[in-house]
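The sequence shown begins at -2 in the working numbering and counts up one residue at a time.
C-beta atoms are modelled at their ideal positions from N, C-alpha and C, and glycine is treated no differently.
A quick note: this is a predicted structure, and the numbers were derived from the prediction, not measured.
What follows is one structure encoded as structure tokens, with my remarks underneath.
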Amino acid sequence: MPSATTTLTNSHAVHTNGFSKSTPEVFGQLKKDVIDEIKSRLRIQIQDEVRASLGSQYQDAIHSNSPTAPALNDPPPSIFTAQCHPLVEEATRDVDGYYLRHWPFPDEKARKKFVAAGFSRVTSLYFPKALNDRIHHACSLLTILFLIDDQLEDMSLADGKAYNDSLMPLCRGDVLPDRSVPVQWMMYDLWEDMRKCDKALAISVEEPVFEFMRAQTAKERLQVRGLGNYLEYRQADVGQGLLAALGRYSMGLHLTEAELESLKPVDRNTGRHIAIINDIYSYEKELVSSKTGHIEGSFLCSAVPIFADETNVSIPAAKNVLYCLAREWEVVHRMMVEEREAAGCSETISRYMEGLEYHMSGNERWSQSTLRYSQV
């Protein structure tokens, strides 16, 4: 079968013979038209081949631009295996109970939604190797950050920034909280407890948390263009630095600045995986929030529509491709770990890199099951 390029070039030769070299502008325009048509025919040919390879399921889904359309295929299998902390039930009972008693939920529906989200469960999946006396701290910190994130959806970026900025001195213990404002004293008390447990590692978590909080209200989220630009922004917004630091705290892993610097490529790869998996499963929730929350605070900033727009594919198709990309990052992670261990590294570094793998597998397991994303 002749290619689209060959067929089109031969058929068009008849039409170009009548032009002389004295009309270069006409020939130039015609040449552009030929190239454009070649591209168009090639695109159609490729699409036909893709449709044929994917079967009838593709026929129904590829033309659907519905953001809630199901994914075309089951996700490709992961090479990772998720684990959960053995104290997950105890931590969930204690931490959820604490927030149900003290956090100002607006109504019973919000309280049930909080319980269904399973914030302590995702923390136990993120940090299955956490020390038993620290898993509660990790659960509480991620829980309060999730609750704050929900509040920010109803604020402008300026108001959200002011809100987050007011909490940072409380985290550091620089100021005393207003005991009539739950978010203030709960944040203050949590960080005091963490510093009592392990002052050095608790302090090392502070700046990554602040970086995450700044990214939540950064104007850049309104101006992200392209997948590469988006992934750079999400390194902070997804909280990978926070998760990495909290993982070290929860496991009691002390690393030098030089060691942390050398591990940045592994951290970045982990952050990309977490961001993309999170976006695949949270897309419908974020879409609804973008229509009901504040125009800035709930602005839809997700890899799914960005990739769909860039590549001119449907939302389900974009999810499928992004899922494959995440699987490639899993392979990259294993390769980087093998290279690092083959070159010789400490047991602490090996445990840290293993912890990053659990961050990825745990995030995916929770994202697949949490009602926070599935009940829109």
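Mind checking if residue i is an interface residue toward chain D, Cβ cutoff 8 Å exclusive?
| i | result |
| --- | --- |
| V119 | Looking at the structure shown, chain D is missing, and only one protein chain is on hand. |
Buried or exposed, going by whether 16 or more other CB atoms sit within 10 Å of the CB of residue i?
| i | result |
| --- | --- |
| L240 | buried |
| P101 | exposed |
| G236 | buried |
| R222 | exposed |
| R369 | buried |
| C321 | exposed |
| R231 | buried |
| P262 | exposed |
| A88 | buried |
| L173 | exposed |
| T140 | buried |
| G359 | buried |
Between which two residues does the alpha helix (DSSP H) holding residue i run?
| i | result |
| --- | --- |
| N161 | 154 to 169 |
| L139 | 132 to 149 |
| T308 | 300 to 308 |
| R245 | 237 to 248 |
| R222 | First-last for R222: undefined, no H or E at that position. |
Under a three-way DSSP split, which group does residue i fall into?
| i | result |
| --- | --- |
| R369 | helix |
| C321 | helix |
| Q80 | coil |
| E338 | helix |
| S177 | coil |
| A127 | coil |
| T374 | A query on residue 374 cannot be resolved here, the shown segment of the chain reaching from -2 to 373 and no further. |
| G115 | coil |
| F102 | coil |
| T255 | Looking at the sequence itself, residue 255 is Ala, so the reference to Thr does not match. In the structure shown, A255 sits in a helix (DSSP, three-state: H, G or I). |
Going by CA-CA distance only, name the one from the options that's closest to residue i.
| i | options | result |
| --- | --- | --- |
| T78 | F304, E351, Y160, L144 | E351 |
| A215 | I200, K261, L149, A114 | L149 |
| M248 | Y280, S286, V328, V202 | V202 |
| S75 | E335, R331, S347, E336 | R331 |
| Q80 | Y95, K261, V119 | V119 |
| T267 | Y123, P72, K106, D195 | Y123 |
| P166 | D186, S286, D151 | D186 |
| I274 | Q365, S371, P179 | Q365 |
| A242 | Q213, A340, A127, K193 | A127 |
Give me, in chain order, the residues of the same chain whose beta-carbon lies closer than 6 Å to that of residue i; leave out the 5 immediate sequence neighbours on both sides.
| i | result |
| --- | --- |
| G238 | P205, E208 |
Going along the chain, which residues of its own chain have a beta-carbon closer than 7 Å to the beta-carbon of residue i, five neighbours each way excluded?
| i | result |
| --- | --- |
| E354 | F77, H330 |
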